[in-house]
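Chains as they are written, first to last, in the numbering used here: chain A, 1 to 272; chain B, 1001 to 1257; chain C, 2001 to 2266.
C-beta atoms are modelled at their ideal positions from N, C-alpha and C, and glycine is treated no differently.
Treat the numbers as computed from the prediction; the structure is a model and nothing was measured.
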Amino acid sequence: MKGTRRHIRLRGRSASSVALRATLAVLVGITVAGFFLLDTKHLNVARAGARLLKDLGSMMTHPAALHFSIPEALKAILVTLCLGFLTTFLGAVLALVFGLFAARNLSRPGLVAFLKGLVAFIRAVPTVLWVLIFAIGAGLGSVAAIMGMTFHSFGYLLKAYSESFEEIDGEIIEALKASGANWLQIVTRAVIPSSMGPIISWTFMRFEINFTNAVAMGAAAGAGGIGYDLFMASGFYFNTGEVGTITWLILLVAILLEIGATRLKRTQHVQR
Amino acid sequence: MAILEIKHLSKRYKDVTALSDVSLKVHAGEFVTVIGRSGAGKSTLLRCVNRLVEANAGTIEFDGVDVRALKKRDLRHLRTHIGMIFQHFNLVPRQTVIENVLHGLLGYKSTLAGVLGLYTAEEKEKAFDILDRVGLEDQVHKRCDQLSGGQKQRVGIARALIQEPHLILCDEPIASLDPGSAKKIMDRLQRISRDMNITILMNLHQVDVAIRYSDRIVGVREGRVVYDDDAKKLKKKTVAEIYGSEAEEILFEEQAV
Amino acid sequence: MSTPLAVREVLVRRNLTFLAGLAVVGALTVGSSLVTDFSFSAGIASIPKALGWMAVNFIPNARALRALPNIGIKLAETVLVSIMATVLAAGAALVLAILASRTTRPHPAASAVVRLIASVCRNIPVVAWAMIFLLSFGQNVLTGLLSLFIGTVGYLARAYAEAIDETADSAVEALHASGASWLQTVAQAVFPALMPQLTSWMLYMVETNIRDATLVGILTGTGIGFLFDVYYKSMNYSSAALVVIGVVIVVIAIETASNALRKIIL
C-alpha cells in the first residue's frame, strides 16, 4: 500500500540480532567501566609505554645471551619440546581409549554425558593450577608439569577424537555389525583406521599448544626448559637483551610448529 | 545505436587464455545472451564489462565511454549505470530485504552517508516501490537468509533496478533455481527489458531458455566468439560447435523457422 | 581383481607402516623421558597424592572461608581484565583483518605485512609477552592486560580474516559491481555479515583469557593467580583449594552463558 510513509524501518528485529547487540553492548560497557575500576597503582603509563618501545627496539636489534650459551639455550628448547611431546603422548593415549566411549555412535548416552561433564570440569581448572596441585605431592619439576598439563591435553583431544569418530559413516559400522563383528573389532578395524588422518592432525595441533604450555610451566611452575630461562632473564636478571634472544628462539619454534600444523590440516581437507 | 561495443578483447590468467580477440556489439534495449561451456570465458567476458576483471587487451566502450581507461572514481560512477545479478545472489545474508536493495544506491551516495547507512526518505520510498513491483512487498523486513532462491534473486534484481541502470549484466541468474522459479525470473527480466528499455547481457548454459527469451545469441567457445546472430536462427549444428560435442549428443530442439 | 599375493603384500605393508610408526613414537617417548628426567612410575605415583590433596582441601574450612571475600574480589578483577583485553583486541583485530583479508585488502603488500604482525603476536606465547612487558610495566595489572591483548589480537586477526573471506566474499563483489566505494563496501557488506562470528569469537576468547589471566597473574603479582600463589607458598592449602573452586565456578558459568548466547546469535 503506497501512501505517505514518514518512517520506513530498515533493520530486522529477530532474537538473534537483539541478542547480538545486547551482548556487544554489555561487553563494551564492562570494558569502559573497567578503565575506571582497575587499580593500576599509580603507574606512569606514558613512561612505561616509552620504556616498552625502547625495550622492543633493543630486543630486535641487540639480542644478548649473558647467563647461558647458545647450545644451552637449544638444549632448553629441546627440554621444552620433550615436555610438550610427553604430555601430548599421554593425553593422546588416554583420549584414544576414552574417546571411543565419548562418541555418540559408539557408546551409551549416559557415558557420553559423564565424560563430557568430566572434561568440562577438567578444562575449567587452568593448566598452571593443575601443575601446582601435582607439585605438592611430586615436587616442582617435570613430573608435576607433565601430569598437570596432561589434563588439558586429554580434554582437548577427547573432544577432537570423539568428534572424528562420530563423523564416521554410520553405514560402515552397521555393515560390520551385520556381518557379526563385535564392538572391539569394529573399533580397531574400521573406526580408528578411518579416523587416523584427523587424529594425527588434531594431535599435532595439540602438540603445538603444549609447546606453549610447557614454556609457560617452565616460567611459572618450575618445569625447567626455555620457559625457566625466560623467567629468570626477565624477573631475576632484568636483562632486556636476553629476554629478546629467548623470545626470538621461542617465536622461531612456534612458527615452525604452526606451519607444520597448517600443512597437516590442509592434507586433511584434500583427502576428504 | 550501440550501447556497448567490445573490440578485440583478450584476457589471460597465468597460462590459461580466457578470452581471445572477442568483439561484440550490443544495442540499446536488446536482450543478448552468451552461451558456451563452463570455462569457455562467459563469466570473464561479463566481468570485463564492469571491470570486476581487468582485461589484458582490447577496448570496451559503454555509452561512448572508454571503460578500460577510467580512473577509480569515474569507474565507480560508470558502475552505477550498470547493474549486475549473480548466480548465487550475492546478498548480505543477515540483513533485511530492504537493506540489501538500498545497497544498490551506495554508488550514488557520499562515502560518509553510505558507511553509516543513512538513506533519505525518498530513497527508502524508491526501494519500497521497486520491491512492490517485484512482488516482495510482504518480505521487506525479512532477513535474506530466510528467503527462497527465487525470492533472493528478485532481491538481487531489485538491487540492480534501484540503480536505474542502462545495462544489466546477468551471470547465470537461474543456475541455482528450480525450473518454476527460473521461469518466473526469466519472465521478469524480459518484462524489465521491454517495459523499461533496459539492455540485458546475460550468461546462460541452458540453450533452450536462451533462445526463448533473447533477441540475440552469442556463442563462445574457448574464449572465441563462434556465433553472433538472431536467437531464432540458431542451428543444432552451431550449438554442437559451441559446446564441442557431436550434434546427436546435445539436448536441443531447433526452432522451426 | 587383485591376486591373493598382492592383497597380502598391501596388508603386510600396512602393518609394517603401523609398526614403524609405533616404533618412532616409542623411541620419542623414551628419549623425551630421558631428556626431561621424567619417569612414568613417578607420574602414576603422583596421582593418588594429588587426588588425596583435592579430596581433603576441597571442603573449605574456617580459614578458607575467611579468605572468601578476597577471592571474590580477585576473581572479579581477573574476569574484568579478560573482558577488557578481549573487547579491545577484537576492535584492533577487526581493523587488521580487514587489511589482511583477500576480500577487503586495499593492497596485497598491506595484507602480507598485517598477516606477519598477527603471526608474531600469536606465536609468541602470552607468557613471553608478559615477561617482556614486565620489564617496563612491572608488577601491575596493566602488564597482564597488555599480554592478553596482544595474544588475542594475533589470534582474532586471523580468525576474522578467514571469516571475512568465507562469508562476505560474494556480497563484496556485488557492491563493487554497483559502484560502491571500498569504505562503503566494508561498512555495509562486511560488517553486518561478520558481526555474529565476531561476537561468537569474542565470547570464546573471554573464556580462554580467564585461564591465561590466572597464569599471567602468578608472574605479574596480580589477580587470582597471584592470590593462589600466595596461599600455595604459605601452605595455606585450604584457601588455595577454595581459589581453584572459585575459578572452576566462574569459568563454567561463563562457558554456559557463552554457549547459550552463541547458539542464539549464530
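>> Can you tell me whether Asn213 (chain A) is buried or exposed? The criterion is at least 16 other CB atoms within 10 Å of its CB, across all chains shown.
In response: buried
> In chain order, what residues of the same chain lie with their CB nearer than 6 Å to the CB of Met205 (chain A), ignoring the 5 residues before and after it?
Replying inline: Ala261
> By DSSP, does Tyr1213 (chain B) sit in helix, in strand, or in coil?
Replying inline: helix
> From B:Val1220, B:His1081, B:Lys1232, pick the residue whose C-alpha is nearest to that of Glu1241 (chain B); which is it?
Replying inline: B:Val1220
>> One question on the structure: do Gly1041 (chain B) and Glu1222 (chain B) come within less than 9 Å of each other, judged by their Cβ atoms?
In response: yes
> So is Leu158 (chain A) in contact with chain B if we call contact Cβ pairs under 9 Å?
Replying inline: no
> Could you give the residue range of the alpha helix (DSSP H) that holds Val1155 (chain B)?
Replying inline: 1149-1161
> Quick one: what does DSSP say Arg13 (chain A) is sitting in, helix, strand or coil?
Replying inline: coil
>> Looking at chain C, is there any beta carbon in it that lies within less than 9 Å of the beta carbon of Leu1116 (chain B)?
In response: yes
> Contact check, Cys1170 (chain B) vs Met1202 (chain B) under 8 Å by CB: the rounded distance?
Replying inline: 4 Å
> Cα-Cα, which of A:Ile173, A:Pro71, A:Pro126 is closest to Leu106 (chain A)?
Replying inline: A:Ile173
>> Is there a C-beta anywhere in chain C that falls below 9 Å from the one on Thr267 (chain A)?
In response: no
> Whose Cβ in chain B lies nearer than 8 Å to the Cβ of Ala2174 (chain C)?
Replying inline: Met1084, Phe1086, Asn1090, Leu1091, His1103, Gly1156, Arg1159
>> In the DSSP output, what is Phe1086 (chain B) paired with across the bridge?
In response: Phe1086 (chain B) pairs with nothing; no bridge assigned.
>> What residue range does the alpha helix (DSSP H) around Lys1007 (chain B) cover?
In response: Not the alpha helix (DSSP H): Lys1007 (chain B) falls in the beta strand (DSSP E), residues 1002-1013.
>> Checking the sheet assignment: what are the DSSP bridge partners for Met1202 (chain B)?
In response: B:Thr1033, B:Cys1170
> Unbroken alpha helix (DSSP H) runs of length 4 or more, entirely within the region 124-184 of chain A: which are they?
Replying inline: 127-138, 142-166, 170-178
> According to the Cβ coordinates, are Ile2254 (chain C) and Ile2071 (chain C) closer than 9 Å?
Replying inline: no
>> Given this structure, state the Cα-to-Cα distance separating Lys2 (chain A) from Val1016 (chain B), to the nearest angstrom.
In response: Low confidence applies to Lys2 (chain A): its pLDDT is 41, below 50, so where it sits in the model is not reliable, and the reading given next is rough at best. Rounded to the nearest angstrom, the two C-alpha atoms are 53 Å apart.
>> Just to confirm the assignment: which complete alpha helix (DSSP H) runs, minimum length 4, are found wholly within the region 2074-2148 of chain C?
In response: 2108-2123, 2126-2137
> Among A:Leu115, A:Glu242, A:Asn182, A:Ser201, which residue has its Cα nearest to the Cα of Arg263 (chain A)?
Replying inline: A:Ser201
>> Nearest by alpha-carbon distance to Ile2265 (chain C): which of B:Tyr1119, B:Arg1216, B:Val1225, B:Arg1094 is it?
In response: B:Arg1094
>> Tell me the rounded alpha-carbon separation between Met1186 (chain B) and Gln1153 (chain B).
In response: 11 Å
>> For Ala46 (chain A), count the other beta carbons within 10 Å of its own beta carbon; 16 or more makes it buried, fewer makes it exposed. Which is it?
In response: exposed
> Between Val131 (chain A) and Val2248 (chain C), which are expected to be in contact by the criterion C-beta below 8 Å, what is the C-beta distance as a whole number of angstroms?
Replying inline: Between Val2248 (chain C) and Val131 (chain A) the Cβ distance is about 16 Å, and since that is not below 8 Å, they are no contact.
>> Strictly by DSSP, which residues pair up with Ala975 (chain B)?
In response: Past the edges of chain B, shown from 1001 to 1257, lies residue 975 (chain B), and the structure says nothing about it.
> Contact between the region 2064-2084 of chain C and the region 2218-2235 of chain C: three or more CB pairs below 8 Å?
Replying inline: yes
> Counting Cβ pairs closer than 8 Å, one from the region 214-226 of chain A and one from the region 136-150 of chain A, do we hit at least three?
Replying inline: yes
>> Please report the distance separating the alpha-carbon of Ala2187 (chain C) from that of Leu1136 (chain B).
In response: 25 Å
>> When you compare the CB of Arg2013 (chain C) with every CB in chain A, is at least one pair closer than 9 Å?
In response: no
> Does the beta-carbon of Val1257 (chain B) have 16 or more other beta-carbons within 10 angstroms, so that it is buried, or is it exposed?
Replying inline: Unreliable positioning characterises Val1257 (chain B) in this predicted model, as indicated by a pLDDT of 45, which lies under 50. The coordinate reading is nonetheless provided below. Label assigned to Val1257 (chain B): exposed.
>> So if DSSP puts Phe211 (chain A) in a beta bridge, which residue, or which two residues, is it bridged to?
In response: DSSP lists no partner for Phe211 (chain A).
> So which residues of chain C does Ile255 (chain A) contact, with C-beta pairs closer than 8 Å?
Replying inline: Ser2119, Asn2123
>> Less than 9 Å between the C-beta atoms of Thr1096 (chain B) and Lys1126 (chain B), yes or no?
In response: no
> Which word fits Ser2039 (chain C), buried or exposed, when buried means at least 16 other C-beta atoms lie within 10 angstroms of its C-beta?
Replying inline: exposed
> What did DSSP end up calling Asp1063 (chain B) once you bin it into helix, strand or coil?
Replying inline: coil
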